[in-house]
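Single-structure report; data block below.
Protein chains in written order, with the numbering used here: chain D, 351 to 462; chain H, -10 to 483.
Right under this line is the structure:
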């Protein structure tokens, strides 16, 4: 199971990086989203995917899954959610003010 | 008593929340922020003295024992850096009203400012890798807010690049923590150090170490990963540039110093010798950038990069002497980069341009600013009585001790080129024919801007002239750093 998850994480990272290297701003943001999905899946996988009950204390259950990676993922998800929403607004403003969403055209040397 | 450790994080956090509620009353916010920053500085200074006299303070959050809960470790290294951070914060909060417009100030500048200070202090104090990631995000989110404040065309363009590179490296950080967790089964630094020590950092652990290095090197702008730094750093307001230049890359350097002296210190031949090569390349490419441009802000921004190279050189050589050089240089560089960004911001403000070719003879109108800048350039380059000298001396002594002649020569040469790049601003901008002041109405504010920078510069000069007062502390820190057992024992209490 870990192997499948590792391959899936790898595919997410690959497509994410491919999208990061595109010219269109929105594609780049989609790339960052894919990479963060890949990272979160990696955390889950690295905690080992042993079968067990959900980590909620219940009577009569001996075997739980590892609760720590789930807490880490939850933290990481909200953080990347916050950054992504900021990035989307930033891209919107930048595209509006600079008049383009093409990263090639977003360079320039006009500093004061 | 160990609760003192949380104060450097908690106080700015509370201050930031309070000023968020009254952001529309600009004068009140401004004065309140000054009070908060000064009080915070005094309290942190007191905690620093306490740590210096009584030894490391370890705070176990929520009374959970060390490897299971989050720990805050207030050792002397972390407290020294937190104190330096707060000194810069005080200077910046007094500089801010001069350089920011009223609208920018009322748009939550001080909230972002205090969040940044809180995040940086947290990153210095934490003893947990995932918590370090969270504090990185706290300070980065605040820096995203600061970098777009003002909504300029160039700012929006550069901030996209800044956010993207940081988001990518944060995700890499999370992945690397996941790898480390799968190998050692913990995210607590002390326990991870203990477990890595047990297996003597074999196989995959060195790969993880290099991945950690890549993450922190992106934050710290080490050679192949520095391309994102210069332009985003000069596009925001001068006070924001000063905060960034003084604090953000140094958090990356601190993280490299911490992880590679505490956790991954067993494969020194592989990892640390890699650092030496990268440090040399960082210095060379940084100074090439600094002497290649005519934009005065860009010159200072490029000068951050060779400074990171110097610090990395000390970590790479990895002896007590060189580590003490790194720590001294770290403190010195935080202060002097703050000074330089403030001064160069003031210069560009009064000259109405940051293009060196368009300014001349400013010293006739602004003698104080000019001589401060001259002094700051000498401090940066490491001319003997000033603070840059002692750090570099220790680093070069460390390099000669380990017979790393190549890096020593590169370091000396790049010091010369740093001096050249800074003095070029002084000669071309301040000397020369007296021309009319381009924007006379800015004269009064421009003179006011010199004051916080002068106060910081005094401290920087004091750090060099009074090296005998500070150096024993730095030396005891480097002894402490070179013996990770003390850290592990104080956290895990064995």
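Positions of the beta carbon are idealized from the N, C-alpha and C atoms, including for glycine.
(message) Out of 448/D, 453/D and 457/D, which one is the CA nearest neighbour of residue 141/H?
(response) 448/D
(request) Over the uninterrupted alpha helix (DSSP H) stretch that includes residue 242/H, give me the two end residues. (result) 238 to 251
(request) Report yes or no: is there a C-beta of chain H within less than 8 Å of the C-beta of residue 462/D? (result) Confidence is the limiting factor: at residue 462/D the pLDDT is only 42, short of 50, which leaves the residue's position unreliable and the question unanswerable from this model.
(request) Check each residue of the segment 382 to 395 of chain D: if its Cβ is closer than 7 Å to any Cβ of chain H, include it; give the result in chain order. (result) 382, 385, 386, 389, 392 and 393
(request) Could you tell me whether the segment 373 to 393 of chain H touches the segment 413 to 429 of chain H, using the rule of 3 or more Cβ pairs below 8 Å? (result) no
(message) So, at 8 Å on beta carbons, what are the nonlocal neighbours of residue -6/H in its own chain, with the 5 sequence-adjacent residues on each side left out?
(response) 36, 46, 47, 48, 61, 62, 63 and 114
(request) Express the C-alpha separation of residue 450/D and residue 371/H in angstroms, rounding to a whole number. (result) 45 Å
(message) Within a Cβ cutoff of 7 Å, which residues of the same chain sit near residue 359/D, ignoring the five residues on either side of it in sequence?
(response) 388, 391, 392 and 395
(request) Grab me the residues of residue 155/H's own chain with a C-beta within less than 7 Å of its C-beta, minus the 5 sequence neighbours each way, in chain order. (result) 129
(request) Determine the direct distance from the alpha carbon of residue 406/H to that of residue 413/H, and round the result to whole angstroms. (result) 10 Å
(request) Can you grab the Cα-Cα spacing for the pair residue 413/D / residue 456/D, in whole Å? (result) 54 Å
(message) Rounded to whole angstroms, what is the Cα-Cα separation between residue 308/D and residue 170/H?
(response) There is simply no residue 308/D to check, as chain D begins at 351 and stops at 462 in what is shown.
(request) Could you tell me whether the segment 392 to 408 of chain H touches the segment 316 to 336 of chain H, using the rule of 3 or more Cβ pairs below 8 Å? (result) no
(request) Can you check DSSP and say which residues form a bridge with residue 284/H? (result) 344/H
(request) Let me know if residue 16/H comes out buried or exposed under the rule of 16 or more other beta-carbons within 10 Å of its beta-carbon. (result) exposed
(message) Between residue 353/D and chain H, is any beta-carbon pair separated by less than 8 Å?
(response) no
(request) List the whole-angstrom C-beta distance separating residue 320/H from residue 73/H, where the pair is believed to meet the contact cut-off of C-beta under 8 Å. (result) 5 Å
(message) If I measure Cβ to Cβ from residue 464/H and keep anything under 6 Å in the same chain, skipping five residues before and after, which residues do I get?
(response) 313
(request) Under the assumption that residue 71/H contacts residue 22/H (Cβ atoms under 8 Å), give the Cβ distance between them as a whole number of angstroms. (result) About 19 Å; that fails the 8 Å criterion.
(request) For residue 462/D, name the three-state secondary structure that DSSP assigns. (result) Confidence at residue 462/D is low in this model, with a pLDDT of 42, below 50, so its placement is unreliable and the value that follows should be read with caution. Three-state DSSP puts residue 462/D in coil, outside helix and strand.
(request) Could you please give me the residues that DSSP links to residue 452/D through a beta bridge? (result) 374/D
(request) Output the residue ranges of the alpha helix (DSSP H) runs that lie fully inside the segment 417 to 450 of chain D and measure 4 residues or longer, sorted by chain position. (result) 417 to 448
(message) Shorter than 7 Å, the distance from the beta carbon of residue 176/H to the closest heavy atom of the ligand COA, or not?
(response) In the structure on display, the ligand COA does not appear, and there are no ligands present to speak of.
(message) Less than 7 Å between C-beta atoms, sequence neighbours within five positions excluded: which residues of the same chain meet that for residue 439/H?
(response) 335, 357, 358 and 361
(request) Return the CA-CA distance between residue 461/D and residue 187/H, expressed in angstroms with no decimal places. (result) The pLDDT assigned to residue 461/D is 48, lower than 50, so where the model puts this residue is not dependable; a value taken from the coordinates is nonetheless given after this. C-alpha separation (whole angstroms): 53 Å.
(request) Please list, in chain order, all residues of the same chain as residue -2/H whose beta carbon is under 7 Å from its beta carbon, the five residues on each side excluded. (result) 107, 110, 111 and 114
(message) Cutting at 7 Å between CB atoms, please list the residues of its own chain near residue 221/H, excluding the five before and the five after it.
(response) 136, 147, 148, 150 and 151
(message) Quick check: the segment 248 to 263 of chain H against the segment 283 to 300 of chain H, are at least 3 beta-carbon pairs closer than 8 Å?
(response) no
(request) Count the other C-beta atoms from every protein chain shown that fall within 10 angstroms of the C-beta of residue 19/H, then say buried if there are 16 or more, exposed otherwise. (result) buried
(message) I want to know whether the segment 348 to 356 of chain H touches the segment 300 to 317 of chain H - three or more CB-CB distances under 8 Å.
(response) no
(request) Output yes or no for whether 8 Å exceeds the beta carbon distance between residue 459/H and residue 452/H. (result) yes
(message) Classify residue 216/H: buried if its beta carbon has 16 or more other beta carbons within 10 angstroms, exposed otherwise.
(response) exposed
(message) Less than 8 Å between the C-beta atoms of residue 333/H and residue 450/H, yes or no?
(response) no
(request) Rank 259/H, 87/H, 429/H and 480/H by C-alpha distance to the C-alpha of residue 331/H and give the top, closest one. (result) 87/H
(message) Cβ closer than 7 Å: which chain D residues qualify as neighbours of residue 168/H?
(response) 396
(message) Just to confirm, is the Cβ distance from residue 183/H to residue 385/H under 8 Å?
(response) no
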